[in-house]
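Residue numbers (our numbering), protein chains in the order written: chain P, 47 to 394; chain G, 47 to 394.
In this text, a Cβ means the ideal position worked out from N, Cα and C, and glycines have one as well.
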DNA sequence: AAATATCATTAAATCGATTTAATGATATTT
DNA sequence: AAATATCATTAAATCGATTTAATGATATTT
C-alpha cells in the first residue's frame, strides 16, 4: 500500500456543501443540531451526517470562534505551576475542563501584578471564555473590569476583598488556629510562625489564626515574614538567622508548603532534632512532610474539592448567560494530619 | 453608585480606518511594519500609530490567525503536570515561550495512547503552531503524520525510535550505569532496580545502564517492574512485597522520582534503616530525596537545559520555514548527587 | 506628446465558519 | 381564485483581520 502524501488541505464547509450539492447553511444547521428546528428533511440530514463522518470533517474552530465569540478555552492563572499545590490543582482542573469540552491555557503569575496584568490582557486577546485566577494583590481593577465586561471569573486560593466575585477558598483562619491550639495543648509554649510577607487574604487569615490561638492562651507570638524569592537561598538565609536567634523556640509553624520545605532544609543543616528540639507543623501536605523523619504534621488542603468547586462554579457561569446569580463564595474545610507527635508534656 | 455596563465593544480595524479616513488596508500595512515597503507617507504612519496607541487598539488575534494560519500557540503535552519533573519543565518552557510571543496550551497524556491521540487532534484543531511532546508508546503514526503535514514537533524526555524527529533527552543509560557503578565501588553487592513497566526509550535505557554495570561486575540483577497507576497503593503494594521477599538486598535503585517517593514510603513503613539496612539511589532529584534522612543520592536532570533546548529547537523550526534542516537530537548530561554515603566497605 | 514607471493608497477577495433575511414551492385559509 | 401560512432550503451578510490586484496621480523615459 502506497502512502500518498496528499497535503489533504483540510476540508471546509464549502467543500462539503459543494460535494453534496447542498448549501453550506444547511450543513451548518445540521452540524449544530438545528436540523429539527429548521425542519430539514430527515433523509438529507442523514446524507450529510454520513458524508461528514466519512471524510472526518471538523469545523475550523478559529473561524467558529471568530463568528460566535466563543473560544472554548479557559484561562488558568496560578501563582507558580512548579509549586506542587498549584500543579495538582491545575492537573485536576485540566481533567474536568477537557471533559466538558474546554481547553486550558495556563500561566504562572509569580504574584507579580504587572506580569498578571499583561497575562490577563493576553488571555482577553485570545478570547478565553472564562478565567480561573489565584490573584496577586493590586490586580483588583483589572479583575473588576473583566467582570464588568461580562467575563466569567472564578478566583481561588485567595480572594480580593474589594472585588465581589465568585471564589473558592479554604478555611484558612480556622486551619491554623486549630493546628496551633493542638500544639499548645501538647504543651508547646514558644511557637513561631514563619510565612511569606504578603497581604493576600489567605496569608493574612492563616497568620491571624495563629495569633488568635496564642493570644487566647496568653502566649507570646514569634513571627517571621520572609520576602518571597525564586532563589531558595534568599528564603533560607533569613530563616536560618531567625532560628539561630530564637533558641528558646520549641515549635515552628510554616505558613505554606514552600516555606515549609525551605524550613526543613534549614533545620536539617542546623542539625536540629525534630520534635525533640523543635516540633513542626506546615500548611499544605506533601510527600516531603510525610517522608521527613519523623514526619511533619501538616494541614492538607482538599485539592480535589477545590478543583471541583472551581470548575463547577465556572461552568455554571459559562452555561447560564443570566446575570441574576450573585457571586458565590465557597469555603472548604482542611484536614489536619498529625504525625510523629511525641507530646511535649511527656517529656516534662 | 450605579454600575454602568458599558460593553465597550472593542474597536476593530474598520473603526480605526473610518475614524482616520484611511483605508483599513493602510492601517494593516502600518501595524504590520510594512509601511516602508509599501511606501506609505511618514506623516500618515505617525498619525495612525498615534491614534492606535491612544485608543489602545489591538488586532483581534482570532481573525488574524484565521487569515494567516498562525496561532502563536504552542501545544505542550507532558505525562502528568502534577509530577514535579514535568511541572518544573513546563514552568520553564512557559517562561521562554511567553518571552518569545507564544502561549502554551498544555495537557497531561497519562501515557495513554488513545488520550494522547485525541489531544493531538484537539491541538491540531486549535491550530497550534508547534508541538512539544513527551510521547507515550504507540503514538508513532500520529506523530509521523503531524510531521508529514509540516508541523514543527519536538519530543523530549524520550523519543520514538521509529520516528525521525527532533528530540531532547538526557543520557539515561550512562546515568544509571554510572550511579550503579558507584554503588558497586562502595561495596554493595545485591542491588535491586525498581521501575515502572514501560518500553519507552528512557526507561529502557535506564534499565540497561543498571544491567550493564551489574554484568560488568558479575553481579546478579534484581529487577522489579511495577505497573503504573494513579493510585499510589497499587504502586506501593508490589514494592512492599518485593522488598519483603528479597531480604538480602543491600541497595535499591529507583528508576523514576515517582517510584522513588513511593519506595521511600514503603521503606518507612517497613521500618528499614537507610543506609544501614539499605542504600538508596533514585532517578530525578527533588526535595523529598534531599530531605529524607539520611538524604537519598539522586540523579539530577538538568531541567533548565532541557527546557532551554526544547524551546530553542522549536523556535528554530518555527522561524525557519525551510525543510532542509534534518532533525537533530540533543542528549544532555545529568548530575549524580551523592548523599549520606556511609560506605558499605567501612562497615565490613 | 505618448508611453511607461513610480508613488501612495485602496477596493475587493479571502480565511471558514454562523446567522439573518429571502426565496420558491406547496398547503391551507379566506 | 386570491391571499396567506407553512415548509425546506439557500443567498447574502457577518465576524475582523491580511493580502492581492487595482487605481489615480505624478514623474520619468522614449
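Asked	Found
Buried/exposed call for residue 98 of chain G, threshold 16 Cβ in 10 Å	buried
Touching by the beta-carbon criterion (3+ pairs, under 8 angstroms), the stretch 95 to 113 of chain G and the stretch 316 to 332 of chain G	no
Straight-line Cα distance separating residue 347 of chain G from residue 212 of chain G	19 angstroms
Three-state secondary structure assigned by DSSP to residue 332 of chain G	coil
With 16 other Cβ atoms within 10 Å as the buried cut-off, status of residue 116 of chain G	exposed
Cβ contact (3+ pairs, closer than 8 angstroms) linking the stretch 209 to 223 of chain P and the stretch 356 to 365 of chain P	yes
Pairwise C-alpha distance: residue 270 of chain G and residue 289 of chain G	10 angstroms
Same chain, Cβ closer than 7 angstroms to residue 235 of chain P, five either side skipped, listed in chain order	265, 296
Residue 377 of chain P classed as buried or exposed, judged by whether at least 16 other C-beta atoms fall within 10 angstroms	exposed
Alpha-carbon spacing of residue 210 of chain P relative to residue 340 of chain G, whole angstroms	49 angstroms
Span of the beta strand (DSSP E) around residue 382 of chain G	381 to 383
Chain P contact residues for residue 168 of chain G, given Cβ-Cβ distances below 9 angstroms	144, 149
Beta carbon of residue 112 of chain P nearer than 8 angstroms to that of residue 108 of chain G	yes
Minimum Cβ-Cβ distance from residue 334 of chain G to chain P less than 8 angstroms	yes
Residues of its chain near residue 272 of chain G, where Cβ-Cβ distance is below 6 angstroms and the 5 sequence neighbours each way are ignored	242, 281, 284
Where residue 180 of chain P falls: helix, strand or coil (DSSP)	coil
CB contact check: residue 307 of chain P to chain G, cutoff 8 angstroms	yes
Test: residue 325 of chain G CB closer than 8 angstroms to a CB of chain P	no
DSSP-derived helix/strand/coil call for residue 241 of chain P	strand
Where the alpha helix (DSSP H) containing residue 109 of chain G begins and where it ends	107 to 114
Local conformation of residue 318 of chain G per DSSP, three classes	coil
Straight-line gap, residue 268 of chain G to residue 253 of chain G (C-alpha atoms, nearest Å)	11 angstroms
Spatial neighbours of residue 60 of chain G in its chain, beta-carbon cut-off 8 angstroms, leaving aside the 5 residues before and after	70
Any C-beta of chain G under 8 angstroms from that of residue 330 of chain P	no
Proximity of residue 326 of chain P and residue 312 of chain P at Cβ, strictly below 8 angstroms	no
Three-pair Cβ contact test at 8 angstroms for the stretch 132 to 145 of chain G versus the stretch 139 to 147 of chain P	no
Beta-bridge partners of residue 153 of chain P, as assigned by DSSP	P/123
is_contact[residue 272 of chain P, chain G] using C-beta, thresh 8 angstroms	no
Cβ pair residue 226 of chain P, residue 240 of chain P closer than 8 angstroms	no
C-beta atoms of residue 189 of chain P and residue 182 of chain P nearer than 8 angstroms	no
When G/195, G/229, G/66 are compared against residue 55 of chain P, the one with the closest alpha-carbon	G/195
Within 8 angstroms, strictly: CB atoms of residue 155 of chain G and residue 149 of chain G	no
Residues that DSSP places opposite residue 262 of chain G in a beta bridge	Residue 262 of chain G is not bridged to any residue.
Residue 129 of chain G versus residue 157 of chain G - alpha carbon distance	13 angstroms
For residue 270 of chain P, the first and last residue of its enclosing beta strand (DSSP E)	268 to 272
Residue 378 of chain G - DSSP class collapsed to helix/strand/coil	strand
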